[in-house]
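In this note's numbering, the protein residues as written are 3 to 86.
Take a look at the structure set out below.
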């Protein structure tokens, strides 16, 4: 469930409805389908990013450069999309 969405910077912050895991998400496209990539956040990061959207944007930009792939909630397949 998204709690914050930046249309301008194209990302969202929220928590998974089933597990309660906080995340940052961003849209990607692989040319066939558009989808969201979800990156796991610690509760501390989540609270900080909700209070400081600039810090959230910096994290999301790192994610767009694949610098936090270890935090992906679901690993992409062979045809990984690129940020849109």
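Don't be surprised by glycine CBs; every beta carbon is placed ideally from N, CA and C.
Local Cβ density within 10 Å of residue 44, reported as buried at 16 or more and exposed below that: exposed
Distance, residue 31 Cα to residue 6 Cα: 21 Å
Contact set for residue 27: own chain, Cβ-Cβ below 6 Å, skip 5 residues either direction: The residues are 14, 38, 40.
Span separating the alpha-carbon of residue 21 from that of residue 46: 17 Å
My assumption, with CB atoms under 8 Å, is that residue 8 sits in contact with residue 55. Please give the rounded CB distance. Confirmed, about 7 Å.
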